[in-house]
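Chains as they are written, first to last, in our numbering: chain A, 102 to 308; chain B, 102 to 308; chain C, 102 to 308; chain D, 102 to 308.
Just so it is clear, CB atoms sit at the ideal spot from N, CA and C, and this is done for glycine as well.
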DNA sequence: GATGAATGAGCGTTCATTCAT
DNA sequence: TATGAATGAACGCTCATTCAT
């Protein structure tokens with residue numbers, strides 16, 4: 102079984118190359134999103150990064166840690182994007198539309214909840230804790246925006262936390278569509294609009 | 102864990118026992134729902150059923166087949182329950198409330214879509230096909246009920262397929278709740294009511 | 102996993118059907134010759150015989166026994182055919198030609214020695230003994246014919262046992278041919294003739 | 102058998118040890134020759150090499166690959182030995198005698214053809230191809246020597262390919278001998294001489 | 001900083017065999 | 001006579017992890 106022998110020692114960094122640690126995290130994130138925690142092996146990650154498994158372990162003590170780091174980074178990014186959108190002066194409905202569009206346009210379909218669930222069995226309590234904190238931050242962002250809109254009377258009063266969760270949840274509805282039905286929405290914009298309309302109406306009712 | 106050494110060969114038939122084949126399917130269903138396809142091993146299933154792995158294979162040729170059979174049975178059951186509820190004379194909103202309650206009361210949280218995704222890599226095309234058929238049947242039931250309600254003017258016109266998917270999808274919102282927030286809904290009824298109210302409002306808007 | 106349920110109890114024997122025991126032995130023989138001992142499973146045999154594995158075990162206590170019985174029967178048959186040919190009045194060379202032809206025409210290529218070797222690991226000493234007896238009988242037949250020919254002066258004196266073994270051995274030469282070379286012998290007759298000519302010349306020399 | 106628990110991770114390199122990869126190949130070759138492809142398990146190989154199965158897989162991706170590599174190496178070695186002998190100035194008969202002796206002196210009895218057959222089911226087309234190439238090289242060597250001898254008039258004209266195959270094939274005749282008969286040849290020399298005499302006579306005849 | 005070599009545990013699957021019916 | 005149900009032991013293979021270099 103012939104192996105490509107890489108040269109030993111620290112490789113000269115080529116111009117514009119990402120540090121190995123980041124490459125690994127980036128690559129791993131994409132792979133986890135695509136196939137889910139159990140179906141991504143450390144070997145897979147290493148191969149795709151063009152390093153050896155041992156190198157991956159050099160930067161991340163365990164697979165669980167790699168996953169945790171990857172997910173936290175991802176959630177933080179999402180949170181920041183959402184925050185940026187929610188910080189604008191546009192009306193809430195428009196802001197939500199932009200968030201929805203951003204989600205739907207991401208190449209991989211993220212259903213954070215489903216993801217976590219399948220990984221949690223393998224994580225340490227501490228790791229679960231860290232991830233939940235990041236998840237929490239993500240939800241809080243939205244929750245606060247909704248709460249503010251309620252207090253301003255922009256939308257009727259309702260449970261802001263629940264409605265935040267419902268919003269994130271609704272963005273995963275596309276995962277349940279079969280190919281044919283998916284095609285009936287010619288652009289992401291149209292699907293986003295449908296979802297936001299429905300959501301906005303949902304918010305509209307007193308409860 | 103002590104290994105109970107059972108005797109070789111065909112065991113003496115005891116009365117009142119569920120047939121092994123059913124025990125396995127039941128147990129497997131619960132386990133798959135709890136941990137997801139990749140994290141449930143045939144050994145796990147066997148142990149929980151108090152039989153050996155070979156026995157599991159006696160009834161189900163492969164893990165993929167066991168999964169397929171389990172999921173189809175599950176979806177068929179859900180479909181039948183939904184169908185029964187939708188066949189009553191109660192107004193649609195009440196019917197949806199009952200369906201939601203039934204879902205939320207099931208011990209295991211079902212997010213069929215997430216499940217399928219992680220399993221699909223391991224299934225044959227035929228198996229995926231079978232499961233999609235069962236999934237389809239499940240959605241169609243609801244879709245038709247919604248379409249009928251629209252044509253009767255009970256709710257405004259909207260995409261019945263999309264709204265059906267949104268409904269099923271919303272039932273999984275609880276998965277995203279942390280323990281604390283979950284406790285804020287003292288009964289399943291209350292959570293179901295919140296969800297249905299939101300959903301019904303969503304349906305209410307013209308689009 | 103649906104199984105074809107056969108009716109319980111003794112099945113009515115259809116006109117012209119072989120007794121189950123014989124069917125199994127016949128089928129097993131063919132399968133062992135084709136694939137070798139380790140690659141034929143009791144399940145395979147059962148399926149091809151249209152009975153259950155338990156039925157095979159009803160007639161043959163173990164796989165090793167089934168193999169032993171099959172091989173002994175086979176060798177006995179071959180011996181009898183050889184004996185019949187050697188009992189004719191034709192000259193030895195013609196007789197050998199007929200034996201060679203019979204071997205080469207058998208659909209499956211028999212290399213008894215190679216066969217035994219791969220099976221012997223799994224057989225009991227007693228079983229090995231039985232098979233060697235049958236093998237011995239097979240070789241003796243030929244050995245005696247050769248010895249007689251030598252004493253009659255039909256061929257020069259030589260080690261009759263060794264020459265018998267060489268004869269049987271030479272019949273397996275075809276197994277080593279690649280497809281292309283095999284085709285260069287348009288008929289079995291031609292190949293048999295080549296082999297016999299070579300062999301006869303070999304016998305011809307004094308030693 | 103006590104399990105020697107070796108330490109995890111990369112072992113300290115001791116001097117003068119054969120590289121693990123070679124140990125495995127050597128050991129595997131011997132085992133395959135002794136028991137045949139199906140009866141040698143990767144566990145067996147590993148145990149005999151004093152490494153774990155995982156180590157075997159570290160060097161050889163599959164069992165089929167291990168087998169292929171082992172057989173090719175073996176055939177190449179045999180070919181080289183034969184080539185060396187055939188390159189000498191001695192008369193062909195003497196050369197053949199030396200080849201026969203070398204074969205018969207090898208601890209393991211090689212019947213390549215029988216081997217391949219039982220392994221082929223498990224090999225990829227590519228692997229079969231590689232092995233057939235090595236086999237071919239082995240036969241060609243001899244075939245050419247025979248052809249040259251024929252054109253020089255050292256032996257009568259005959260099918261050089263067929264006679265080459267017969268030669269290799271005859272070297273396996275010892276496999277068919279029972280213990281008693283084997284003992285009647287007090288030295289390998291004597292057996293080799295018998296075989297070569299017979300073979301040479303066979304070659305001698307016109308055809 | 002990065003690698004090559006090795007492990008132990010587990011996984012999906014097969015198989016010879018056993019036993020009550 | 002023949003079967004259906006079950007077992008225990010292997011088998012080929014993968015994977016997360018470890019450690020010397």
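Taking C-beta pairs closer than 7 Å, name the residues in chain D that residue i reaches, listed in chain order.
i	result
residue 302 of chain C	302, 303, 305, 306
residue 233 of chain C	279
residue 218 of chain C	276
Would you identify the three-state DSSP class for residue i, choosing helix, strand or coil?
i	result
residue 107 of chain D	coil
residue 138 of chain C	coil
residue 114 of chain D	coil
residue 191 of chain A	coil
residue 119 of chain A	coil
residue 261 of chain D	helix
residue 255 of chain C	coil
residue 207 of chain C	coil
residue 308 of chain D	Note that residue 308 of chain D has pLDDT 47, beneath the 50 cutoff, so the model's placement of it is unreliable and the number below is only indicative. Note: residue 308 of chain D maps to coil in three-state DSSP.
In the DSSP assignment, the alpha helix (DSSP H) including residue i goes from what residue to what residue?
i	result
residue 287 of chain D	It is not in any alpha helix (DSSP H) - residue 287 of chain D carries neither H nor E in the DSSP assignment.
residue 230 of chain A	226-252
residue 182 of chain D	164-187
residue 146 of chain D	143-150
residue 311 of chain D	No information on residue 311 of chain D is available, as it lies outside the stretch 102 to 308 that chain D covers here.
residue 219 of chain A	213-221
residue 275 of chain D	Note, residue 275 of chain D: premise wrong, no alpha helix (DSSP H); not H, not E.
Report the option in the options whose CA atom is closest to the CA atom of residue i.
i	options	result
residue 121 of chain D	D/294, D/141, D/151, D/301	D/151
residue 192 of chain D	D/118, D/107, D/247, D/117	D/247
residue 175 of chain D	D/147, D/204, D/154	D/204
residue 165 of chain A	A/190, A/296, A/291, A/230	A/230
residue 241 of chain D	C/291, C/238, C/278	C/278
residue 138 of chain D	C/293, C/274, C/162, C/220	C/220
residue 294 of chain A	A/135, A/215, A/199	A/199
residue 258 of chain A	A/239, A/305, A/235	A/305
residue 169 of chain D	D/130, D/184, D/190	D/130
residue 276 of chain A	B/135, B/124, B/189, B/217	B/217
residue 123 of chain A	A/167, A/135, A/143	A/167
residue 163 of chain A	A/136, A/228, A/212, A/286	A/228
residue 211 of chain A	A/249, A/134, A/292, A/177	A/134
residue 285 of chain D	C/270, C/260, C/184, C/283	C/260
residue 282 of chain A	B/244, B/292, B/283	B/244
Can you pull the chain A residues whose beta carbon is under 9 Å from the beta carbon of residue i, in chain order?
i	result
residue 247 of chain B	Within 9 Å Cβ-Cβ: nothing; residue 247 of chain B doesn't reach chain A, min ~12 Å.
Note down, in chain order, every chain B residue with its Cβ under 7 Å from the Cβ of residue i.
i	result
residue 212 of chain A	215
residue 273 of chain A	270
residue 263 of chain A	295
Considering only their Cβ atoms, is the gap separating residue j from residue i smaller than 8 Å?
i	j	result
residue 299 of chain D	residue 303 of chain C	yes
residue 146 of chain A	residue 157 of chain A	yes
residue 149 of chain B	residue 132 of chain B	yes
residue 171 of chain A	residue 224 of chain A	no
residue 232 of chain A	residue 173 of chain A	yes
residue 301 of chain A	residue 194 of chain A	yes
residue 289 of chain A	residue 237 of chain A	no
residue 263 of chain D	residue 201 of chain D	no
residue 297 of chain B	residue 187 of chain B	no
residue 222 of chain B	residue 266 of chain A	no
residue 235 of chain C	residue 215 of chain D	no
So with CB distances below 8 Å, who are the chain A contacts of residue i?
i	result
residue 269 of chain B	277
residue 222 of chain B	136, 140
Tell me whether residue i counts as near the ligand FMN, meaning its Cβ is closer than 7 Å to at least one heavy atom of that ligand.
i	result
residue 125 of chain D	As far as ligands go, the structure on display features none, and thus does not contain the ligand FMN.
Which residues of chain B have a Cβ atom closer than 8 Å to the Cβ of residue i, listed in chain order?
i	result
residue 260 of chain A	295
Along chain A, which residues have their Cβ under 7 Å away from the Cβ of residue i?
i	result
residue 291 of chain B	By Cβ distance, chain A contributes nothing, its closest Cβ being about 11 Å from residue 291 of chain B, past 7 Å.
Name the chain C residues whose beta carbon is nearer than 9 Å to that of residue i?
i	result
residue 266 of chain D	274, 275, 277, 278, 282
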